[in-house]
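Each remark here refers to the structure printed beneath this line.
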Amino acid sequence: MVSIHLHAKESKIDLETFAQTYFEKMVATQAPDATKEDLESYLGLLTDDIGHTHLPWQTDGSRTPDGKDAMRKGMTFYLGAHTEYNAELIDVFVFNESAIAIRYRNHAKGIHPESKQEIEYRQTMMEVLEMEHGKVAVIRKYHE
């Protein structure tokens, strides 16, 4: 019993630090010069069966065995689409060992990879990250 208890304490992660790392790696995937390595570094923070909502576009946040593969496919489609991107972390909230919420502002310009139309947006976002075994198991994105 004692060794199990000690092992559990050793495996706890600092969620405040994790939030900072998550934000930095996520921002790197949106940069004009983002690479597949940046994408894989970000995806390494997620469970394989990640669930993801990004309202109003992605409304089903169900966890599925191919969740990470689906995110990889979607993010690869948009990789490098921005000609400008910047983001500023506003707040980090930690909820015991189960969740993190991050609020940030971002601004992006670019060319949509399918329509070839110019895009530009400026928004404040909140992402709620539900944690499991030191990785993000569910991402819920909200716009202000």
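Counting from 1, one number per residue, gives the positions in the sequence shown under full-length UniProt numbering.
Each residue gets a CB set at the ideal place from its N, CA and C atoms; glycine is no exception.
Based on Cα-Cα distance, which residue from the options lies nearest to residue i?
i, options, result
"THR64", "VAL94, ASP49, ASN96, TYR85", "ASP49"
"GLU24", "MET131, GLN123, ASN86", "ASN86"
"GLY44", "PHE18, HIS82, MET125", "PHE18"
"GLU84", "ILE102, ILE13, HIS112, LYS68", "HIS112"
"TYR42", "LYS12, GLN20, ARG105", "GLN20"
"LYS116", "GLY80, ARG122, THR35", "GLY80"
Quick check on DSSP: helix, strand or coil for residue i?
i, result
"ASP66", "coil"
"THR83", "strand"
"residue 162", "Nothing in the structure corresponds to residue 162, since the chain is present only between 1 and 144."
"residue 145", "For residue 145 there is no data in the structure shown, the boundaries of the chain being 1 and 144."
"THR53", "strand"
"ALA19", "helix"
"LYS73", "helix"
"LYS141", "strand"
"LYS109", "strand"
Would residue i pass as an interface residue toward chain D - the criterion being a Cβ-Cβ separation below 8 Å?
i, result
"GLN123", "As a matter of chain content, chain D is missing from the structure shown, which is built from one protein chain."
Tell me the DSSP bridge mates of residue i?
i, result
"ILE100", "VAL94, LEU129"
> Any contact of the segment 55-63 with the segment 89-101, i.e. 3+ C-beta pairs under 8 Å?
Replying inline: no
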